[in-house]
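Peer 1: Dropping the structure in here first, questions after.
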Amino acid sequence: MATKKDTQKADGGEGSVKSDVLREPAERLYASELEAIAAADKFEKPAGWRLSPKAVLLYIMGGKVGDVNITPKYVGAPRIVEIAIATLATDRALLLIGEPGTAKSWLSEHLAAAICNDSQLLVQGTAGTTEEQIRYTWNYALLLAEGPSPKALVPSPIHRALEAGRLVRFEEITRCPSEVQDALITLLSEKVLAVPELGLHVQAKRGFNVIATANTRDRGVNDMSAALKRRFNIVVLPVPSDIDTEVAIVARRVREIGSSLQLPAAPPAEEAVRRVVQVFQELRRGQTIDGKQKLKSPSGVLSTAEAISVLGNGMALAGHFGTGRVSDRDLAAGLLGAVVKEDSKDEAVFVEYLENVMKKRGGAWEPLYTACKELV
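Residues 1 to 376 (UniProt numbering) are what the sequence shown spells out, left to right.
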């Protein structure tokens, strides 16, 4: 477990965490910000909450408390975050949906960190998720030796959240089989978990709720039943529509990741970030930024998270195998992998974009065009 010394920060930012843990949970990473907000929070708090809804909004959207700068955790419309926070203050569960890379998991983690100081009560939805992972399972050695007993019971994250009055995160809920999803219906409506083997009913304490996430690209995988959907308030997280917003998101996260991983390279220049984001936006939309030229879009999703990955990988290449400054050659390999990842036919889409858009722009785009052409 990380000690208090491990999580001390020089400036309140992510990259200043002194720890050998690769990725600290949000409540440790931003502990000083949360403490400063909690100390100054004079608003009414819902039962079981560490912070008031207004204070949670400040933590998520950023601002200042005294001399402490609160870094923005989500860049987007504040109203979206307000709706999410207000939902969690009711008895309705929250479902965050959107395209891959729209910060659904990121937002759910920070909401849990701010509200209950624990973002690690987590169920990861997959095709192999079972009902036992939602309810409880058993220590079978004890079960065989002593029979059903509280000591032999192994509670799920949802079970623990019920008992403690905390938030539980359910990632990629639509990837779970439908019968597993429907195990949530009684939990969400009655706020109780039955353990018939022990003759127990675990009642949810105040503060309990569920934050689920789902990708719009997963529709049709295991659609949620109407009965389950009725237990959720649904908030749609949009893909950044304008290039300036996405550039700001990408540049900030790349700096944080580079500092956290101690990559031996300077963050890429804003011009490089803007070019990568523009490539993503144009291929995603199927037209150039100015709207004058139609383009073919690749079959895969070009998310903001992948743009961050391209630039982060460029920093690693520049630091370990280059000059320490991110070059167009460092970015080209990541761009190719991001565009051509699901269908080999997407390579033709990328080549067409290179020849019909990037090459014709010339100037500052020429080195990136040349580096990309070397790879295709």
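Just so it is clear, CB atoms sit at the ideal spot from N, CA and C, and this is done for glycine as well.
Look at the alpha carbon of LYS359 and the alpha carbon of VAL339, and state the distance between them as a whole number of angstroms.
Peer 2: Start at 1 with the first residue of the sequence shown, and residue 359 comes out as number 359. Start at 1 with the first residue of the sequence shown, and residue 339 comes out as number 339. Rounded to the nearest angstrom, the two C-alpha atoms are 17 angstroms apart.
Peer 1: Assuming contact is defined by CB atoms lying nearer than 8 angstroms, are LEU375 and LEU336 in contact in what I supplied?
Peer 2: As a working mapping, residue 375 is identified with position 375 in the sequence shown. As a working mapping, residue 336 is identified with position 336 in the sequence shown. For LEU375 and LEU336, yes; Cβs fall inside 8 angstroms.
Peer 1: Going by DSSP, what residues sit across from PRO155 in a beta bridge?
Peer 2: Residue numbering aside, residue 155 sits at position 155 when the sequence shown is read from its first letter. Per DSSP, TYR136.
Peer 1: Beta-carbon within less than 8 angstroms of LYS373's beta-carbon, same chain only, minus the 5 sequence neighbours each way: which residues are those?
Peer 2: Numbered from its first residue, the sequence shown carries residue 373 at position 373. Answer for LYS373: LEU354, listed in chain order.
Peer 1: Please confirm whether ALA77 and VAL235 have their CB atoms less than 8 angstroms apart.
Peer 2: Locating residue 77 in the sequence shown gives position 77, where the first residue counts as 1. Locating residue 235 in the sequence shown gives position 235, where the first residue counts as 1. Their beta carbons are not under 8 angstroms apart, which means ALA77 does not touch VAL235 by this criterion.
Peer 1: Since ARG206 and ALA333 are thought to touch, with beta carbons under 8 angstroms apart, how far apart are those beta carbons, to the nearest angstrom?
Peer 2: If you number the sequence shown from 1, residue 206 lands on position 206. If you number the sequence shown from 1, residue 333 lands on position 333. Not really, about 51 angstroms apart at Cβ, beyond 8 angstroms.
Peer 1: Would you please state the rounded distance, in angstroms, between the beta carbons of LEU167 and ALA112? I believe it to be under 8 angstroms.
Peer 2: The sequence position of residue 167 within the sequence shown is 167, counting from 1. The sequence position of residue 112 within the sequence shown is 112, counting from 1. That pair is a contact at about 5 angstroms.
Peer 1: Whether or not the segment 226-243 and the segment 275-289 are in contact is what I'm after, with contact meaning three or more pairs of Cβ atoms, one per stretch, closer than 8 angstroms; do they touch?
Peer 2: yes
Peer 1: Leaving out the 5 sequence neighbours to the left and right, which residues in its chain are closer than 7 angstroms to MET61 when beta-carbon positions are compared?
Peer 2: Here residue 61 refers to the residue found at position 61 when the sequence shown is read from its first residue. Here the set comprises PRO72, TYR74, PRO78 and VAL81.
Peer 1: Taking the continuous beta strand (DSSP E) assigned at VAL192, which residues delimit it?
Peer 2: Taking the first residue of the sequence shown as position 1, residue 192 is located at position 192. 192-195 is the span of the beta strand (DSSP E), which, as asked, contains VAL192.
Peer 1: Who are the near neighbours of ASP20 in its chain, counting only those whose CB is closer than 6 angstroms to its CB and skipping five residues on each side?
Peer 2: Looking up residue 20 in the sequence shown gives position 20. The answer is none, since no qualifying residue turns up.
Peer 1: Quick one: residues in its chain with C-beta nearer than 7 angstroms to the C-beta of VAL277, no 5 flanking neighbours on either side, listed in chain order?
Peer 2: Position 277 of the sequence shown, counted from the start, is the residue given in the question as residue 277. ILE243, GLU246, VAL247, VAL250 and ALA307.
Peer 1: Among GLU271, VAL56 and ALA39, which has the Cα closest to the Cα of GLY66?
Peer 2: Within the sequence shown, residue 66 is the residue found at index 66, counting from 1. Among GLU271, VAL56 and ALA39, the Cα nearest to that of GLY66 belongs to ALA39.
Peer 1: Apart from the five residues just before and just after TRP138, which ones in its own chain have a Cβ nearer than 8 angstroms to its Cβ?
Peer 2: Here the question's residue 138 lines up with position 138 in the sequence shown. PRO148, ALA152, LEU153 and VAL154.
Peer 1: In chain order, what residues of the same chain have a beta carbon less than 8 angstroms from the beta carbon of ASP346, not counting five sequence neighbours either side?
Peer 2: The residue given as residue 346 occupies position 346 in the sequence shown. The answer, listed in chain order, is PRO298, SER299, GLY300, VAL339 and VAL340.
Peer 1: Please state whether the Cβ-Cβ distance between ASP330 and GLY314 is less than 8 angstroms.
Peer 2: Here residue 330 refers to the residue found at position 330 when the sequence shown is read from its first residue. Here residue 314 refers to the residue found at position 314 when the sequence shown is read from its first residue. In contact: ASP330 and GLY314 (Cβ atoms closer than 8 angstroms).
Peer 1: Can you tell me whether GLU109 is buried or exposed, with buried defined as 16 or more other CB within 10 angstroms of its CB?
Peer 2: Here residue 109 is taken as the residue at index 109 of the sequence shown, counted from 1. By the C-beta density criterion, GLU109 is buried, having at least 16 other C-beta atoms within 10 angstroms.
Peer 1: Measure how close the beta-carbons of residue 389 and ALA114 come, nearest whole angstrom, since I'm counting them as under 8 angstroms.
Peer 2: The structure shown has nothing for residue 389, since the chain only spans 1 to 376.
Peer 1: Label LYS292 either buried or exposed according to how many other C-beta atoms from any shown protein chain fall within 10 Å of its C-beta, with 16 as the threshold for buried.
Peer 2: On the sequence shown, position 292 is the one that residue 292 refers to. The residue in question, LYS292, is exposed, as its Cβ has fewer than 16 Cβ neighbours within 10 Å.
Peer 1: Is the segment 88-104 in contact with the segment 123-141, if contact means three or more CB pairs nearer than 8 angstroms?
Peer 2: no
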